[in-house]
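Now the structure itself:
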């Protein structure tokens, strides 16, 4: 029987702009050509999900398999489903798309995946938590591939001061799927002549990740420090059940950062009756206390004009933006912010009495509406823009006297009372009421829509409590309220619930 015809080694690379995917593909081509292969690379840019995403495809054919009679081989330009030997993905969602396209198969493909996430636009704009389950994505990759090599390659790149492409190149070498020695890979990097020291360090980290696994402490963890005013509060948090402790500690830090340590103590004081209710009426899961602790912290740190201004002028934000745009030393960075405050947000920032007067006034309100119709663009990187936001952020000590503060605290107190009352007779329903506060978030129109939907569900609560499974019914309505920003899904779900409630009467 004649031996099968030689076939090329096929490699698909799925990367995003700025990650060096093209450099990685060029290194593979250079590596192969110096090792006696005919190499061909093509690239297809794509902007369907995130601007800059590009797929690279490389085919390698050994020169020893060619003959003088057959001529050079004909190599493919794009990857074919079911016929790719090596797939390299620089991000977990890109890996999922490779599986979806059929590029990864259990009989052939070695799959090298970085588990870091760069969220897609559909995940970011979702009303609720729109993130795809990373665990499920990774498990799908593992099931689809013949062999999976995975780890946070972006973290390794950051810890070595290089690009993720260098780490992935090292992982390719460590996977030992190409019949080429490790030193040849390093030689390809050195021939590139740019950032060689950092690239080699990242290559070594990627090689170790493929052979030994990505260490849990690949990057040095940030040192945790609890300020002196928060130390007693953190000690109190340690006494709470383990299921809720993580949320309570995070809530203390969040509310203290939002306002001050006294506000964080108020947070703990509000949780004490919930903890007592959990102890008396709970089912051992600790779910009511955990969910209430999480939602209470979010509710107490609502987004107002003071908070938005404070976050936009923090040094950490300027540094993060500089890193994201990869600005070089000596380059000038300008940051423009678009603000469109409504009269309601301005009144909310004022002392309660003055804010109510403004909302009920005649010509003062109409004048302010005309002045704020078009919004304003501020450059926070300029002195004038920074100082304007600094002034708004400096109103933080006056927040407790503001109209918004009074309204939000009254809402949270009513929400907590409802949770405590319902928990005495229906623990599962009380948990769902705690979760329903998720609808109320953001600011401006987003906040108002969420509050309106929350009020609708609470008005339906007496009818829901007459159903055989009120907790399940409320959960269904809550998910419908988060399904879209038009309210169509919620209206449809309410129509489905009402006949059941009427039948139960």
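Numbering (the working numbering), first residue to last: 77 to 581. Quick reminder that beta carbons are idealized off the backbone N, C-alpha and C, glycines included.
Residue i, buried or exposed, once every other Cβ within 10 Å from all chains shown has been counted against 16
i: residue 567; result: exposed
i: residue 470; result: exposed
i: residue 521; result: exposed
i: residue 442; result: exposed
i: residue 183; result: exposed
i: residue 466; result: exposed
i: residue 588; result: With the chain represented from 77 up to 581, any question about residue 588 goes unanswered, as that position is not in the structure.
i: residue 455; result: exposed
i: residue 176; result: exposed
i: residue 500; result: exposed
i: residue 304; result: exposed
i: residue 399; result: exposed
i: residue 535; result: exposed
i: residue 572; result: exposed
i: residue 388; result: buried
i: residue 161; result: buried
i: residue 439; result: exposed
i: residue 297; result: Since pLDDT at residue 297 reaches only 38, below the 50 mark, its modelled position is unreliable, and the value read off the structure follows with that caveat. Per the 10 Å Cβ criterion, exposed.
i: residue 445; result: exposed
i: residue 447; result: exposed
i: residue 283; result: buried
i: residue 248; result: buried
i: residue 478; result: buried
Three-state class that DSSP yields for residue i in the structure shown
i: residue 448; result: coil
i: residue 114; result: strand
i: residue 131; result: strand
i: residue 543; result: coil
i: residue 303; result: coil
i: residue 85; result: strand
i: residue 413; result: strand
i: residue 293; result: Summary for residue 293: the model assigns pLDDT 45, below 50, so the residue's position carries little reliability, and this model does not support an answer.
i: residue 262; result: helix
i: residue 298; result: Low confidence applies here, because residue 298 scores a pLDDT of 36, under 50, leaving its location unreliable; read the following figure in that light. Here residue 298 sits in coil by DSSP.
i: residue 108; result: helix
i: residue 331; result: helix
i: residue 513; result: helix
i: residue 323; result: helix
i: residue 548; result: helix
i: residue 568; result: helix
i: residue 55; result: With the chain running from 77 to 581 in the structure shown, residue 55 is simply not present.
i: residue 148; result: coil
i: residue 530; result: helix
i: residue 384; result: helix
i: residue 538; result: helix
i: residue 153; result: coil
i: residue 407; result: coil
i: residue 177; result: coil
i: residue 367; result: helix
i: residue 563; result: coil
i: residue 98; result: helix
i: residue 558; result: coil
i: residue 361; result: coil
i: residue 172; result: helix
i: residue 158; result: coil
i: residue 268; result: helix
Residues that DSSP places opposite residue i in a beta bridge
i: residue 165; result: 90, 189
i: residue 121; result: 130
Residue i, enclosing beta strand (DSSP E) - first and last residue
i: residue 141; result: Run containing residue 141: none; DSSP gives neither H nor E here.
i: residue 315; result: Unbroken run through residue 315: none, as it is neither H nor E.
First through last residue of the alpha helix (DSSP H) which encompasses residue i
i: residue 337; result: 337-357
i: residue 393; result: 391-401
i: residue 241; result: 240-251
i: residue 640; result: Since the first residue of the chain shown is 77 and the last is 581, residue 640 is not available in this structure.
i: residue 273; result: 272-288
i: residue 19; result: Nothing about residue 19 can be reported from this structure: the residues present for the chain run from 77 to 581 only.
Can you list the alpha helix (DSSP H) stretches of 4 or more residues lying completely in the stretch 179-230, in chain order?
-> Along the stretch 179-230, the alpha helix (DSSP H) occurs as fully enclosed runs of 4 or more residues at 197-200, 210-220, listed in sequence order.
Let me know the beta strand (DSSP E) ranges lying completely inside the stretch 428-502, each 3 residues or longer, listed in chain order.
-> Here the runs fully enclosed are 452-455.
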